[in-house]
Structures are given as structure tokens and as C-alpha cells.
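Going down the list, the protein sequences come from chains A and B. According to this note's numbering, the first sequence is numbered sequentially starting from 279. According to this note's numbering, the second sequence is numbered sequentially starting from 6.
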Amino acid sequence: MQLTVWTYEGPPHVGAMRVATAMEGLHYVLHAPQGDTYADLLFTMIERRSKRPPVTYTTFQARDLGSDTAGLFKTAAREAYERFQPQAMIVGASCTAELLQDDPGGLARAIGLPVPVIPLELPSYQKKENWGAAETFYQLVRAFAGSAAPRPDAVSGAREPGVRPSCNILGPTALGFRHRDDVREIAALLDRLGIEVNVIAPMGATPADLVRLGEADFNVVLYPEIADVAAQWLKRTFKQPLVKTVPIGVGATRDFINEVAEVANVDPAPTLDDAPSRLPWYSRSVDSTYLTGKRVFIFGDATHALAAARVASEELGFEVAGLGTYSREFARDVRQAASSYGIEALITEDYLEVEARVAELQPELILGTQMERHIAKRLGIPCAVISAPTHVQDYPARTSPQMGFEGANVLFDTWVHPLMMGLEEHLLGMFREDFEFRDEAAPSHLGTSHKAAEIKVEAPVAVASEAAVADAGASWDPDAEQELRKIPFFVRGKARRNTERFACEQGVAVITVETLYDAKAHFGR
Amino acid sequence: MNCLTAPAPVERGAALEERAVLRERGQHEVFCGLTGIIWLHRKIQDAFFLVVGSRTCAHLIQSAAGVMIFAEPRFGTAIIEERDLAGLADMNAELDRAVTSLLERRPEIKILFLVGSCPSEVIKLDLSRAAARLSETCSPDVRVFSYSGSGIETTFTQGEDACLAALVPALPQEPVAAEASLMVVGALPDVVEDQFRRLFDALGVGPVGFLPPRQSGALPAVGPQTRFLLAQPFLDTTARTLEKRGASPITAPFPMGAEGTTAWLLAAAELWGVSRERFEDVTAPGRERAKRALQRHRERLAGKRVFFFPDSQLEIPLARFLARELEMELVEVGTPYLRQDHMAPELALLPPDVVVSEGQHVDKQIERCREARPDLVVCGLGLANPFEAEGITTKWSIELVFSPIHGYEQAGDLAELFARPLDRRSRLEV
Ligand code: SF4
């Protein structure tokens, strides 16, 4: 048993719903109790979808348990087919129904529906949402693309002259972080490269579209958490090469273009030459000097966390102070990346562990999920969201991709805006001795609540992870307190903490001005 | 309107024509009883709710709560894993371990609820035994209770019913020769509780206790001198359990809207022999304010047709309020459960031609609703946006559970909750 407060991922059948809801012409019959219908609101409220997810729940009750939950399933499946007339159905069990062992796949076969029915085995007590999405997508691809059979000569490579190379875009689902906008951006980029998009899946695809997957020359995997398993199968079956670079950030987008160009045998130069991202110049402009070495904590799904780390360090000049993921399936990649930044990766699904790590590291910026946004709010640290789990505000009305060159522009804006602007920081430094300058006043862009947030910083930190320091109880000499107040407020919390830690380590009982500067020298970067 | 002419409360169990009800069985689009934890943990400030369930259960509470603002809220889920099911781990030992580490970290917790879920019930994990065992090891610091919030046993607000019923055996016994006391049953926002307390004080009705209390130390006493008034329509198990401890119910409509509030207060006042004049005097300011507040919204709502999907069991009292005080027309009033005897005073006030439906077949109900083209649909979060996209205005029902809606001072706010979506529709030109 695992004690959980908040979870980064839902159960695996929610992953299956993300695939089913993204697609057209597919219906999901889920053997589940009534409460599980909450999952609909993820799509209709958080993502503001205008249609109900294509899911029928059997909603069995305690009184059905002794009698006929299997019969209930058959009725639900039959009625769902008649009402929605899908091209195909997927059937499966949620955590409770898994315990009943009613075998939805067998039951659906028994009623002989006139459309293909794909049974899903999603072990709820072992696996989670992304795994469920990946498995569902894989089963669908196998079921439909498999029927198109591997053509032995399909990959001879010789294209008719004048025929554009083609690819599939794999991975975008419902309830994904900016999937809608990423797909648009990447499809346009591929078009500029002269590449035809054969099928985009799961988003927008029908089961009939999946049958055509084998017709493409290669596959682009935008979200490995969801599409990697299916893409590997397509590679084995149709010898379709796989483009694995995830084009988040300018560098990765350039790598992506080169990789695609090589696989498709097209010229990347024109597309690279007019690379329209403003990020490189914005990052070089003098106002960005203040971004140098900002300590950033990154947490999310593996794809977005890895990409964010690269952009943060190579394209914004930040220092990656912490990197982690809840995607255990990709833990190895994240560990490897972390060690290249000289840090240790945090692989966990425990929100409290993430919070403790943030409190300990005291980063200047957090790039995380909605969970980290709440941690950031409590600790008064600026934050931008880079990954699911999402909330309603992560589905903006405007087009706001993470991928491609426009995506890089979006990253620059959304990561830099929560920070103080360079000029503003400079002025605050210049005026902080002025008696009229109230340093409690936070910059306007942080909103009026920032002051309260900042004050709260010290309490949770002290309680959560630094209780030992507090216990050791180094006290502050009044002069040192006075000196501390001269330090700009946005780094004062860190200075206080570092000094106290230093005092504790050195066994200093009373912190003087001397100690303060000793600590500054000790921790100075 | 003169609310004092409200029909006298109908005797419980009195002969009453059973109302024809449309009963349906199909997909239910409702939350399970776990959802109640979201408001119950805010109400009882030294309680912790530990769901023993699956990742789905944890995800449900988190999704229904919508925002995750508390670092460590006073609820959590002990997620059953493969190794527990495979018998590799002794689940009771695992549970004890989880509880011990939880209580070590949260020393301020005084009562702990072990909340059963579908998985824990299907595998027949006996949480009442676990609660008894843990109560022994944790006493006197922490008392441990258990109830079911599972979706196979409970629908949405029935979770609160199960929780309060679990508390009843732990209520202190009223002293021998106690005077008559009043217990108000059902979690109310503190502000509403305080308003009711002031009204009862002014009427001379009391002493008054509230279940659940804000702190576990303030559990009200119960016994033969206890009269209880239900503040919520979904507490029939709690009511039965209280009766078993000797308390007797005061039957009344529920305190939604001015009329319901008056009838509810009056039922208690009559029992305490409060004079008509005093009742008039005490309630007049509230009634007057409610009347003024409702006036504004009646203009927008009168004549508008409303359709309720089943959700919280608040539907019938709310429909009664909308029909009688705001002159709305009721198309269908869906409720997940209908206890006709329990709801008798409310049903007596509903217009006779209204379709009352119990249970749900969501697809069929959606079809009926589309056909009826009501002006306003009261429904859950999964259905609201799809209806809006079809051009049908909605009010999400969960807000009716989370907002202060009881009593005179909230009558206007309650009306506003229904008026706002219509107001919004009329403003938008896009
Ligand atoms: S319906 Fe059952 S399994 Fe689903 S969230 Fe509720 S208690 Fe958990």
C-alpha cells in the first residue's frame, strides 16, 4: 500500500480514454462503477471539450455483484454500439472490475458485434495513465495497421519521381500538454521540408486511418511516453524508420529537421536557413544577461523534463539545479541527462518528495507541472508549467505550441515572464538603499499576492526540511539582521538560509556580519 | 409572500399518495461517496480522511477538488497495489503501517476516518475491524472510524451520510434528566451554522448542537431528549442511526429558500412551544431580506423551464424552491435516490405534474432533455460543456453542494447561482 496525497498520473484506463477521446469513430466500453465517470470532466472541463468522451461505463453497483455484472456489461456494449455506431470499439475494466474478472473482451466477442472489438488488459494495480495510453495505442495500431499486412517491398525506398516523402505523426492525445498546438506546428514544419503527413494519430484519426499507417515512409514520434511502443512495432513490421528527436527548443528543432531530412532524403538547408525563432536573439540581447546561471528546478514527464533541461541550459543560460520525472518508464534517460548536469535525478511519484527537494534546493525558477506550480506558489518561487498533469489554464485560447521554432518563442516568453525583468532587477538593486523604497513591494508583474507568498517562504522551508537547522538554533546578531535587510528581498530568503546552514555546519552560535559574508563567500558561485 | 402560511410539516410515515416516479437503470453519470471528503475535511478541522482504494479513487478526489492548493490536505489515499492483492503483503499490516506514519507526521489529527472504496469492498477488506484495532493502539490521542464512500454502495452525497452515521455511536450520551435539546444534522458552512445558531437562540430553541462539529471535541450529546433536524436531504442513514440512540426526528422541508427555511425553523419552534409572535419577530428580518434578494432574480427566472439531472439528492428541495419562490417551470427533476417517506414534506410542495425521475440512464435522459429544450439544465461537470456546445444553458450542480445555500441570508445567492448562467447567455454576442 502506498500513501498518496496527489497523483501525477491517473489510472491506466484514463490513458485509454485519452486515446479514445482523441480519435474519431472509436468507442470505449469500460466496466466500472459509477464514481469512475468523474473522468469525463477531465476532458469536458479541463480541456473544455465540447463533446462527451466516447466512453460508456457499465456503472455496476454492489447489488449487481452477486448477480450479473457480466450481463450488465453485455447490455452496455450492445447499447453503446447501437447508439454510437462506431467503426470499432475498445473494451476493458477499471480497477474495481478487474477484481471481478468478468473478461470484457470475451463478453464482447460473445455478443458478436459487427465491428472490430479490441480488448484492453490494463493492470490497474501496477500501471498508470501514460502506460495505459501507450498500451491502448499499441493495441489499436497492431489491430488495424496489422491487417494491412507488412509488404515485403514496401520499403524498397525507391519513390516515384515527383512523389513527396510521407510520414505519420504519432503520439498526440486528448488532455495532453499543448498537443493540439504542437501538431499544428510540426505538421507545418514537415510541409516546409516537402514532406507529406500521411496520418496523425491518435489525435483526429479514425480506425480506418490507422489501417493506412504502413503506407508512410517513416514515423515521427512526438510523445515517446505514448507512441514509442507502437512506433517500435511499426518499425519492425513495416521497416519504417523512426524520428526520435523531440523538437522542443531551437537546438532540438534543428536536430529534428536534420534527422527528418536524412530519413526522408530531402534538403534541410532551406528550412534551417529561414529558421524563424526569435529565441536565439532574445537570449543574446543584453536584457537577458540577468538570466545567466539562474538556478532552475525541472520536473515533469520525461519528454518535457529532458527537453526543458536542454533548453534551460543551452538556450537560456540557466543552471539546471534539479531535474526529475514521474515517468518511471524513462527513468534511465532522465538519470543520464541529470548526471550530465552534474546532479542527481529525482525519480518519484511522491509530490511531497518533490516539494522537499524544491525547498532544499531553493531554485530561482521552477519548470514543472500543475503540482509544482502549487509548490512554487507556496514557496514564493516563480514557476512555468511545462508538462502534464495540466489544468484548465494550460489550454489557452491562442495557439501556443511547445515544439518547433514558434514553440521556442513560446518557451522564452513563458519561462522568462515569471522572473523579474533584467532592467527591473537592476533598478531595484540601484534603489534599495533609498529610504523611500519599500522593498516589501514586489514587482508589479508578480501580482499583489507576492508579498504574502514571500513571507510564507520561510515557514514551510524551515518546517519541511530544515528543521535540523532551526533546532541547532544559531541566532542572529542585530547588526547581521540589519545587514541581511540590505540584500535585495528576492535573494534574501536564500541568503538567510545559506547563512544559517553555514553557521550550523561551522558550529557558530551567533550569526554576525562576519558570518554572513563568510557564508556568502562559501556558497558564492 | 407570507411564508408563515407554509403547509404544516407532514407527519413522517403518514399516509401520503405515492408520487409516480420514472425509475431508470443504465449508465449513472454521478460521483461516488468519496467526493464528500472534499467538504467534510474542511468542516471537521481535526479529522483526516484516509481512503483505502485505488489510483482511480485518488484521482477522483483530486479531479473533483479541482484545485490542489493545500500542500498536505487532511485527506489521502492508501493505494492498494499488486503485491497487496497477490497476498505478498498482509494488507492489515500495510494499513497499520500507513496509518502510523501518517499520524506521526500529523500529530494535530484527532479523528481518523478509514474510508472504504469499491476495491476495498470487493476484496472484502474489513475496515470496521481495522478501525477498531487502530482505535485501540491510537487511543486516547486519536479515534478511528470507518465508513464506505465506494461507488458500488454510495452516490455522491451519500458519502456524507455514511460518514455522519459512523460518528453517531461515538456521540456522548446525554445526561439523565437532560432538558430537551436540538441537534442540527448535516455539514453546513460555518457562516450558515452561525446564522442558524443565532436564530435558534433568539427563538429560545435549544441548546443546539451541530453534527458534524467543527472540532471532534465538540461532538453533540444524544439521547431520548434529543430532537434532530436534518439540514440536508441525503441523511437518512444518519437519521435512522440517531433514532436508534433514542433521538427523535423533526420532520420538515429542508432549509433552502425562504419558504423552506421558515418551515424548517417553524417545525423546531413549534416543538419548543415558541409563540407565533416571537417566531414572526425573530424571522421577519431574514424573511424580508430574502424576499428582496429573490425579487431581483425572479424577473430573470420566472417562467423559465428547468431540467435537473440526478446528482446530489438536493434536486427536489431545489426544484421546490425554484418553482414556488422563483416561479420557474420544472420539466424533469432527476434524483439519484428517492426515499418517498423521507422526502414527503418536500414532495408535497412540488407541483403535481412534474416528472420526478430516480436513478439514471444518462443517454436516454440526455435525449429527453434535448427534446424538451429547457432554458436551464442543472447537471454534473461531465455533461455541462457538451450541453453548452449544443446551445443549452447549464448550471453545474457541484457548486450547489460546495456553496453556502441554506437559510434566509443565502436564498438570494442560491437564486443567483441559477440566474447567472442565463444572465451570461443574454450578455454574450459571440
Ligand atoms: S467509484 Fe469506486 S473505484 Fe471509482 S473512485 Fe469511487 S470508490 Fe474509487
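Cβ coordinates follow ideal geometry from the N, Cα and C atoms, glycine included.
Residues of the region 286-302 of chain A with a C-beta less than 9 Å from any C-beta of chain B: GLU287, GLY288, PRO289, PRO290, HIS291, VAL292, listed in chain order. With a beta-carbon spacing of about 6 Å, A:ASP495 and A:ALA542 fall inside the 8 Å limit used to define contacts. Taking a C-beta distance under 8 Å as the contact criterion, A:VAL636 and A:ILE653 qualify as a contact pair. Shown here, A:THR790 sits in coil according to DSSP, grouped into three states, outside any helix or strand.
Contact between A:LEU400 and A:HIS291 holds: their C-beta atoms lie close to 6 Å from each other, under 8 Å. Put simply, the region 474-494 of chain A touches the region 438-455 of chain A. At least three CB pairs are less than 8 Å apart. Under the Cβ distance rule, B:GLY156 counts among the residues neighbouring chain A, one pair being separated by less than 8 Å. With fewer than 16 other Cβ atoms inside 10 Å of its own Cβ, A:TRP559 counts as exposed. Taking the beta carbon of A:MET367 as reference, no residue of chain B falls within 9 Å; the closest one sits roughly 15 Å away.
Around the beta carbon of B:ILE157, 16 or more other beta carbons sit within 10 angstroms, so the residue counts as buried. Within chain A, the C-beta atoms nearer than 7 Å to that of B:THR82 come from THR282, in chain order. For B:LEU55, the CB contacts under 8 Å within the same chain, skipping 5 residues up- and downstream, are PHE80, GLY81, THR82, ALA83, ALA103, VAL104, LEU107, LEU117, PHE118, LEU119, VAL120 in chain order. For B:ALA182, the closest of B:THR231, B:VAL57, B:ALA236, B:GLN220 by C-alpha to C-alpha distance is B:THR231. Leaving aside the five residues that flank A:SER665 on each side, the residues in its chain whose CB is nearer than 6 Å to its CB run, in chain order, PHE455, GLY578, ASP579, HIS582, THR647.
By the neighbour-count definition (other C-beta atoms within 10 Å, threshold 16), B:SER431 is an exposed residue. Contact check for A:GLY288 and B:PHE36: beta-carbon distance about 15 Å, past the 8 Å limit, so the pair fails to qualify. Excluding the 5 residues flanking it on each side, B:GLU332 has same chain C-beta neighbours closer than 8 Å at ARG303, LEU306, ALA307, GLY308, in chain order. DSSP lists A:GLU474 as the bridge partner or partners of A:SER444. With a cut-off of 8 Å on Cβ pairs, the region 582-595 of chain A is not in contact with the region 382-392 of chain A, counting fewer than three such pairs.
In the displayed model, A:PHE801 falls within a helix according to three-state DSSP.
Contact annotation: A:VAL419 and A:LEU512 have beta-carbon atoms nearer than 8 Å.
Contacts with chain A at 8 Å (Cβ-Cβ) do not include B:SER317. A:GLY595 places its beta carbon 8 Å or farther from that of A:LEU557. Using a CB distance below 9 Å, the part of the region 381-392 of chain B facing chain A consists of GLY385, LEU386, GLY387, LEU388, ALA389, ASN390, PRO391, ordered along the chain.
Scanning chain B for C-beta atoms nearer than 9 Å to the C-beta of A:LYS406 yields ARG60, reported in chain order. Within its own chain, the residues whose Cβ lies closer than 7 Å to the Cβ of B:THR159, once the five positions on either side in sequence are excluded, are CYS37, GLY38, SER153, ALA167, listed in chain order. For A:GLY303, the CB stays at least 7 Å from every heavy atom of ligand 1. Interface flag for B:ASP51 against chain A is unset, since no Cβ pair is found closer than 8 Å. When Cβ pairs closer than 8 Å are counted between the two stretches, the region 120-135 of chain B is seen not to touch the region 188-205 of chain B, the count staying below three. Under the DSSP assignment, B:GLY41 falls outside any alpha helix (DSSP H); it carries neither an H nor an E label. At a Cβ-Cβ threshold of 8 Å, A:TRP284 and A:TYR629 count as neighbours. Cβ-Cβ distances below 7 Å link B:ALA192 to TRP44, LEU45, LYS48, GLU165, PRO217 in the same chain, with the five nearest sequence neighbours on each side left out; the list follows chain order. At a cut-off of 8 Å between beta-carbon atoms, B:GLU99 makes contact with chain A. According to the DSSP assignment, B:THR267 belongs to the alpha helix (DSSP H) that extends over 262-276. Rounded to the nearest whole angstrom, the C-alpha separation of A:GLY492 and A:ARG514 is 11 Å.
Counting only runs that start and end inside the region 281-340 of chain A, the beta strand (DSSP E) elements of at least 3 residues fall at 304-309, 333-335.
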